[in-house]
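J.: Chains A and B, in that order, give the protein sequences.
Add 543 to the 1-based position in the first sequence for the working numbering, that's all there is to it.
Add 1173 to the 1-based position in the second sequence for the working numbering, that's all there is to it.
First, the structure itself, so that you have it in front of you.
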Amino acid sequence: SQQGEEDPQALSIQEGENATMNCSYKTSINNLQWYRQNSGRGLVHLILIRSNEREKHSGRLRVTLDTSKKSSSLLITASRAADTASYFCATDARGFGNEKLTFGTGTRLTIIP
Amino acid sequence: DVKVTQSSRYLVKRTGEKVFLECVQDMDHENMFWYRQDPGLGLRLIYFSYDVKMKEKGDIPEGYSVSREKKERFSLILESASTNQTSMYLCASSLSMGGVTEAFFGQGTRLTVV
């Protein structure tokens, strides 16, 4: 079963606006990660936040993590056309033997120039 | 730069054939993963391996097997290909340090079973 579920499934915004995507998961985790996928390509790692962290920044990216609600959000500020892609959250479930990395269904982000 | 290389970008196979998808990483990562990606379903984990000769089932292992004889290579095997295995297959590798760390992905293999 999918560990992570992203919301919304699709998002279209004007260039320069901020984009927010949310992720919910089901079990205890060691960390949560966000990835980007350009059409038809492999995934690229964006940012990792550990279970004992609440917020993390990397350039125009801001990630928050609320372990009590089992949810995370990814904020992309001042969006650019090049940010058009699919975004996935991924979690490694704690306490399930060896860790596996499980992905959600993704959010398709379109930046309108 | 970390590199994860999948043997084929595109592959067309016939129903019933045995299919091998190869993945090689050059960063001495312990963990390796095979996913399939279908529209609307995201990435689903087929199998993963945390060490040489070690493997664990993911969420959708039926119809697949894997082999990891060397640390750098992780093979996905479709024992008898079926049309419902037409998909994009993605391989990834990562270190294991208090959890799965950043995963590096190959470019993907788009498999069509006819």
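We put the beta carbon where it would ideally sit given N, CA and C, even for glycine.
Between Ser1180(B) and the rest of its own chain, which residues show a CB-CB distance below 6 Å, the 5 nearest in sequence each way excluded?
T.: So the list reads Glu1195, once near-sequence residues are dropped.
J.: Let's test the definition: count the other Cβ atoms within 10 Å of the Cβ of Val1185(B) and tell me whether it reaches 16, buried, or not, exposed.
T.: Label assigned to Val1185(B): exposed.
J.: So, helix, strand or coil for Asn573(A), using DSSP?
T.: In this structure, Asn573(A) counts as strand in the three-state DSSP scheme.
J.: How is the beta strand (DSSP E) around Glu1229(B) delimited, first residue to last?
T.: From DSSP, the beta strand (DSSP E) with Glu1229(B) extends over 1227-1230.
J.: Quick check on Gly649(A) - is its C-beta less than 7 Å from some C-beta in chain B?
T.: True, the Cβ-Cβ gap to chain B drops below 7 Å.
J.: What residues of chain D sit near Gln1280(B), judged by a beta carbon separation below 7 Å?
T.: In summary, chain D is missing from the structure at hand, where the protein chains are A and B.
J.: What does Ala1276(B) reach in chain A if we use C-beta pairs closer than 9 Å?
T.: Result: Gln576, Tyr578, Leu586, His588, Ala633, Leu644.
J.: Round the Cβ separation of Ser1260(B) and Leu1284(B) to the nearest angstrom and send it over; I've been treating them as touching at under 8 Å.
T.: With a Cβ gap of about 6 Å, Ser1260(B) and Leu1284(B) count as contacting.
J.: Which complete beta strand (DSSP E) runs does the region 1209-1279 of chain B hold, if anything under 3 residues is left out?
T.: Listed in chain order, they are 1215-1224, 1227-1230, 1237-1243, 1246-1251, 1260-1267.
J.: Any chance the region 603-611 of chain A sits against the region 552-560 of chain A, with 3 or more Cβ pairs inside 8 Å?
T.: Verdict: no, contact absent.
J.: Would you please verify whether the beta carbon of Phe1193(B) is less than 7 Å from any beta carbon of chain A?
T.: Answer no: the Cβ-Cβ gap between Phe1193(B) and chain A never drops below 7 Å.
J.: Distance cutoff 7 Å, beta carbons only. Does Asn573(A) sit that close to anything in chain B?
T.: Taking Cβ atoms only, chain B reaches closer than 7 Å to Asn573(A), which makes this a yes.
J.: If you drop the 5 nearest sequence neighbours on each side, which residues of the same chain put their C-beta closer than 6 Å to that of Gln576(A)?
T.: Answer for Gln576(A): Leu591, Ala633, listed in chain order.
J.: DSSP three-state label for Ala562(A), please.
T.: In this structure, Ala562(A) counts as strand in the three-state DSSP scheme.
J.: If you draw a straight line from the alpha carbon of Gln552(A) to that of Thr650(A), how long is it in whole angstroms?
T.: Cα to Cα, the separation comes out at about 5 Å.
J.: Going by DSSP in three states, Asp626(A) sits in which element: helix, strand or coil?
T.: Helix at Asp626(A).
J.: According to DSSP, simplified to helix, strand and coil, what is Arg651(A)?
T.: DSSP places Arg651(A) in strand when its eight states are reduced to three.
J.: Comparing the C-beta of Ser555(A) with each C-beta of chain B, is any distance below 7 Å?
T.: With 7 Å as the cut-off, Ser555(A) does not count as an interface residue toward chain B.
J.: Leaving out five residues on either side along the sequence, give the residues of the same chain with a beta carbon under 8 Å from the beta carbon of Gly1279(B).
T.: Val1177, Thr1178, Gln1179, Cys1196, Leu1263, Cys1264, Ala1265.
J.: When we look at the beta-carbon of Val1273(B) and count the other beta-carbons within 10 Å, is it buried (16 or more) or exposed?
T.: By the neighbour-count rule (16 or more Cβ atoms within 10 Å), Val1273(B) is buried.
J.: With a threshold of 7 Å between beta-carbons, can Phe1247(B) be considered close to chain A, or not?
T.: Not an interface residue.
J.: Taking the straight line between their C-alpha atoms, what separation do you get for Arg1241(B) and Glu1229(B)?
T.: Arg1241(B) and Glu1229(B): Cα-Cα distance of roughly 11 Å.
J.: Closer than 7 Å, CB to CB, is Leu1216(B) near chain A or not?
T.: So, interface residue.
J.: Exposed or buried, Thr645(A), counting other C-beta atoms within 10 Å across all chains shown (16 or more means buried)?
T.: Result: buried.
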